[in-house]
Amino acid sequence: MQRLAAGLCGVVFGAGLAVSGMTNPAKVLAFLDVFGRWDPTLAFVMGGALAVTAIGYTLARGRSRPWFADAFSIPSRRDVDLRLMGGAALFGVGWGLVGLCPGPALANLSRGSGEIFVFAGAMIAAVVLHRFAVGRSA
Amino acid sequence: MTETTFTPLSGLIGGALIGLASAGLLLADGKIAGISGVLGRSFFPAAGDLGWRLAFLVGLPLGAWLATRVTGDALGFAITERVGLLVAGGLLVGLGTQIGNGCTSGHGVCGMARGSRRSLLATLTFMATGAATVFVVRHVLGGE
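Quick mapping for you: the protein sequence lines, in order, are chains S and B. Sequential numbering of the first sequence, starting at -3, is according to the working numbering. Sequential numbering of the second sequence, starting at 67, is according to the working numbering.
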């Protein structure tokens, strides 16, 4: 049941990315291009997503456990460190070079585009390398 | 340079679907729908922690494919063909999201929705370096 729910959520998430146009790297780059022909769509996508997700968190607060699992796994860290800021900064540079973040990179695999395979391949290689080097216990 | 048009309505609808999926994964499985986190921890996973991750990740391209079948891919798809950019971008996105513990979905949506200061600062940071990168590439170097 847990897996079925996760799969369904993945499908809805991927559909949302495509419907919002965030699977188009040009649209993401146009959002980041604040000094060019700016396309503010991404802000509306994030606003819509935040509003609905916040309702989910409010509902979750009133429950002791999720429907199909024993406990909620919600990050508890509150410290702001160099890893957080440095990692986010590096991610932003890569995002700005191509216009893809992890969700759209994976959602676009269904296109069978060579460019997506190259980007997603490099991204997954970096993820595996990082997990192998330092992150296995994280 | 590929220009795009402002599409607030489909943006809001798509965003609400992303929110529905994030809220759903939280209420059903108690998990955070942060793509980089779901992906990262599917390598060397904890015992019994792999199945839901793979199900969610496989759902992403399936959902995008279904949606473009219905909407006719109205918003298009345009990506750089420069292999160097694609590789550098992929490596930076993969590494940066693992070091910083999150991406647009984990920090930008899930983290901000629960009022996390870490996620707010991370989101402002990757938006700023993303915008700076596009500024340099398009308006300083004049490429693309």
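C-beta atoms are modelled at their ideal positions from N, C-alpha and C, and glycine is treated no differently. Please read these numbers as outputs of a predicted model, since none were measured by experiment.
Residue burial classification, residue i (beta-carbon count within 10 angstroms, cutoff 16)
i         : result
VAL153(B) : buried
ASP35(S)  : buried
PHE87(S)  : buried
ALA134(S) : Residue confidence for ALA134(S) is low, a pLDDT of 48 falling below 50, so the modelled location carries little weight; the figure read from the coordinates is stated next. It counts as exposed.
PHE31(S)  : exposed
VAL8(S)   : buried
ALA188(B) : buried
THR37(S)  : buried
LEU86(B)  : buried
PHE128(S) : exposed
VAL15(S)  : buried
LEU75(B)  : exposed
VAL203(B) : buried
ALA67(S)  : exposed
Endpoints, alpha helix (DSSP H) assigned at residue i
i         : result
VAL202(B) : Segment: none, VAL202(B) is in no alpha helix (DSSP H) and carries neither H nor E.
PHE51(B)  : The question about residue 51(B) has no answer here: the residues shown for chain B are numbered 67 through 210.
THR19(S)  : No alpha helix (DSSP H) contains THR19(S), which DSSP labels as neither H nor E.
ARG61(S)  : It is not in any alpha helix (DSSP H) - ARG61(S) carries neither H nor E in the DSSP assignment.
GLU111(S) : 110 to 126
PRO98(S)  : 98 to 103
Residue i vs residue j beta-carbon contact at 8 Å
i         : j         : result
GLY52(S)  : SER88(B)  : yes
GLY99(S)  : LEU13(S)  : yes
ALA26(S)  : GLU69(B)  : yes
SER69(S)  : ILE98(B)  : yes
ALA94(B)  : TRP63(S)  : yes
ILE84(B)  : GLY82(S)  : no
ILE101(B) : LEU0(S)   : no
GLY44(S)  : GLY81(B)  : yes
MET42(S)  : VAL200(B) : no
PHE115(S) : GLY155(B) : yes
PHE110(B) : THR19(S)  : no
Alpha carbon of residue i to alpha carbon of residue j, nearest angstrom
i          : j         : result
ASN104(S)  : ARG184(B) : 29 Å
LEU4(S)    : LEU207(B) : 43 Å
MET67(B)   : MET193(B) : Bear in mind that the predicted position of MET67(B) carries a pLDDT of just 49, short of 50, making it unreliable; the figure below should be weighed with that in mind. Their Cα atoms are separated by approximately 20 Å.
ARG119(B)  : LEU105(B) : 7 Å
VAL130(S)  : GLY77(B)  : 37 Å
THR191(B)  : ASP75(S)  : 16 Å
ILE79(B)   : VAL48(S)  : 11 Å
VAL124(S)  : SER171(B) : 19 Å
ALA11(S)   : GLY96(B)  : 21 Å
GLY162(B)  : ALA121(S) : 13 Å
PHE72(B)   : SER182(B) : 29 Å
MET(-3)(S) : SER60(S)  : 19 Å
GLY90(S)   : GLY117(S) : 14 Å
ALA197(B)  : LEU93(S)  : 10 Å
VAL124(B)  : LEU28(S)  : 28 Å
VAL252(B)  : LEU128(B) : Because chain B in this structure spans residues 67 to 210, residue 252(B) falls outside the shown range and cannot be described.
LEU141(B)  : ARG33(S)  : 16 Å
GLY177(B)  : ASP139(B) : 29 Å
Per-residue contacts from residue i into chain A (C-beta, under 7 Å)
i         : result
VAL149(B) : Of the chains in the structure shown, none is chain A; the protein chains are S and B.
(request) Taking a Cβ distance cut-off of 7 Å, strictly less, list which residues of the region 104 to 136 of chain B are near chain S, in chain order. (result) LEU105, GLY106, PHE109, PHE110, GLY117, TRP118, ALA121, PHE122, LEU123, VAL124, GLY125, LEU126, PRO127, LEU128, GLY129, ALA130, TRP131, LEU132, ALA133, THR134
(message) Against chain S, which members of the region 68 to 89 of chain B pass a CB distance test of less than 9 Å?
(response) THR68, GLU69, THR70, THR71, PHE72, THR73, PRO74, LEU75, SER76, GLY77, LEU78, ILE79, GLY80, GLY81, ALA82, LEU83, ILE84, GLY85, LEU86, ALA87, SER88, ALA89
(request) Please name the residues in the region 144 to 170 of chain B whose beta-carbon is closer than 7 Å to at least one beta-carbon of chain S, in chain order. (result) ALA144, ILE145, THR146, GLU147, VAL149, LEU151, LEU152, VAL153, ALA154, GLY155, GLY156, LEU157, LEU158, VAL159, GLY160, LEU161, GLY162, THR163, GLN164, ILE165, GLY166, ASN167, CYS169, THR170
(message) Closer than 8 Å between beta carbons: that is the criterion. Which residues of the region 179 to 207 of chain B meet it against chain S?
(response) ALA179, ARG180, SER182, ARG183, ARG184, LEU187, ALA188, THR189, THR191, PHE192, MET193, ALA194, THR195, GLY196, ALA197, ALA198, THR199, VAL200, PHE201, VAL203, ARG204, HIS205
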